[in-house]
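Structure, as structure tokens:
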Amino acid sequence: MREGPFKESSYYYPGERIQAYMESLGTTEIYENQFLPAIDRKIAILTHDDEFDPEMFRIERSQGIRSTWFVLAERLEETIPPEADVHLHFDKEKSTLGEQIETYRSKLHRYPRFNRIHRLLWRANNFDFPLLAMSGIQVDSTLIGERPYRPTIEGRVLPIWEVPFSIADRAERFMACYSIAADSEVLFKDGLSPITILSHPFSVCARHQLISCFYEVLRLIRRYHYQSMDMTSFYDQFLRAYDPCGWKGEDHRVTIFPPAGARQDQKGKGES
Ligand SMILES: [Zn+2]
């Protein structure tokens with residue numbers, strides 16, 4: 012890795028709309044991120060980035076493992092089986108979030124509920140969280156950590172969850188994508204729940220010289236009797252109850268920018 016100034020990629024932010032959206036959310040006296048209370052089941056959420064991998068999917072199915080795929084808009088192909096839990100992998104350097112959601116919608120005929128940002132390219136909580144929330148994303152899984160939470164920004168609890176991942180593939184070079192423990196087994200042994208795992212498809216690991224965590228994680232899930240769950244099931248069973256807007260199933264429509272006051276009432280029915 013070279014030393015020297017780090018040149019950050021440029022990407023588009025609708026700054027004024029983000030600000031107006033934040034102003035439309037009601038303020039509270041809350042000042043802490045709202046963490047999910049401890050859950051009494053040991054759950055592992057296996058996730059994959061960039062593209063769909065039929066071989067990985069086949070192995071998981073044969074072992075009763077569920078997973079969630081964050082697929083780049085241009086890699087959303089007709090051949091992806093409909094039973095795969097596929098969501099958005101927003102690439103900030105390609106086009107806007109709205110455009111990529113539209114590509115997703117036109118290819119899969121539904122809206123993405125969850126997202127992970129490609130290359131984990133995160134600017135700041137007060138930029139990324141509102142942008143994702145106001146675009147209808149209910150769960151983001153870009154950050155690294157150990158417990159799901161709803162972010163609080165200036166007394167506003169945003170209607171989005173961060174489900175951070177804690178285990179990732181390893182790289183020869185130290186990159187942004189890291190695991191929180193030196194040995195992933197520690198998390199299972201300790202009973203952390205949920206454990207969210209970022210495991211890239213075999214092809215992506217080969218392309219970027221990543222040391223895959225896939226087989227190790229499958230072994231740990233079995234050995235420590237974790238229940239494998241995709242993000243949709245996890246959201247529906249554990250997060251949905253806290254969501255002020257609620258998930259309205261097939262009726263859900265993304266409001267790229269809700270009218271002022273649409274989400275002011277935290278107990279409201281959400282956007283119409
Ligand atoms: Zn990616």
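What the sequence shown shows, in the numbering used here, is residues 12 to 283, in sequence order. Beta carbons are placed, not taken as given, at the ideal position from N, Cα and C, and that holds for glycine. Predicted model, so just to flag it, every value in this text is computed and none were measured.
Could you tell me if residue i is buried or exposed, where buried requires 16 or more neighbouring beta carbons within 10 angstroms of its beta carbon?
| i | result |
| --- | --- |
| residue 173 | buried |
| residue 17 | exposed |
| residue 54 | buried |
| residue 159 | buried |
| residue 90 | exposed |
| residue 128 | buried |
| residue 139 | buried |
| residue 246 | buried |
| residue 222 | exposed |
| residue 120 | exposed |
| residue 41 | exposed |
| residue 92 | exposed |
| residue 210 | buried |
| residue 15 | exposed |
| residue 200 | exposed |
| residue 48 | exposed |
| residue 230 | exposed |
| residue 71 | buried |
| residue 73 | exposed |
| residue 197 | exposed |
In the structure shown, what three-state DSSP assignment does residue i receive?
| i | result |
| --- | --- |
| residue 193 | coil |
| residue 164 | strand |
| residue 216 | helix |
| residue 44 | coil |
| residue 50 | coil |
| residue 179 | strand |
| residue 31 | helix |
| residue 239 | strand |
| residue 39 | coil |
| residue 132 | coil |
| residue 64 | coil |
| residue 203 | coil |
| residue 258 | In this prediction, residue 258 has a pLDDT of 44, which is less than 50 and means its spatial position is unreliable; what the coordinates show is noted afterwards. Coil, per DSSP. |
| residue 20 | coil |
| residue 14 | coil |
| residue 141 | helix |
Using C-beta distances below 6 Å, list every residue in its chain close to residue i, excluding the 5 sequence neighbours before and after it, in chain order.
| i | result |
| --- | --- |
| residue 23 | 107 |
| residue 175 | 154, 155, 156 |
| residue 86 | 62 |
| residue 114 | 84 |
| residue 39 | 166 |
| residue 215 | 61 |
| residue 190 | 178, 179 |
| residue 225 | 210 |
| residue 137 | 164 |
Within a Cβ cutoff of 7 Å, which residues of the same chain sit near residue i, ignoring the five residues on either side of it in sequence?
| i | result |
| --- | --- |
| residue 141 | 29, 32, 33, 169 |
| residue 207 | 56, 58, 152, 174, 175, 176, 177 |
| residue 43 | 163 |
| residue 101 | 108, 111, 126, 128, 129 |
| residue 143 | 126, 151, 171 |
| residue 249 | 47, 50 |
| residue 227 | 195 |
For residue i, list the residues DSSP reports as bridge partners.
| i | result |
| --- | --- |
| residue 284 | This structure gives no information on residue 284, because the portion of the chain shown stretches from 12 to 283. |
| residue 119 | Beta-bridge pairing links residue 119 to no other residue. |
| residue 211 | Paired residues: none, contrary to the question. |
| residue 222 | 181 |
| residue 57 | 78, 208 |
| residue 155 | 176 |
Can you list, in chain order, the residues of its chain with a C-beta nearer than 8 Å to that of residue i? Leave out the 5 residues immediately preceding and following it.
| i | result |
| --- | --- |
| residue 46 | 158, 159, 160 |
| residue 66 | 213 |
| residue 19 | none |
* To do: May I have a chain-ordered list of the beta strand (DSSP E) segments no shorter than 3 residues that lie completely inside the region 70 to 109?
  => 78 to 82, 96 to 99
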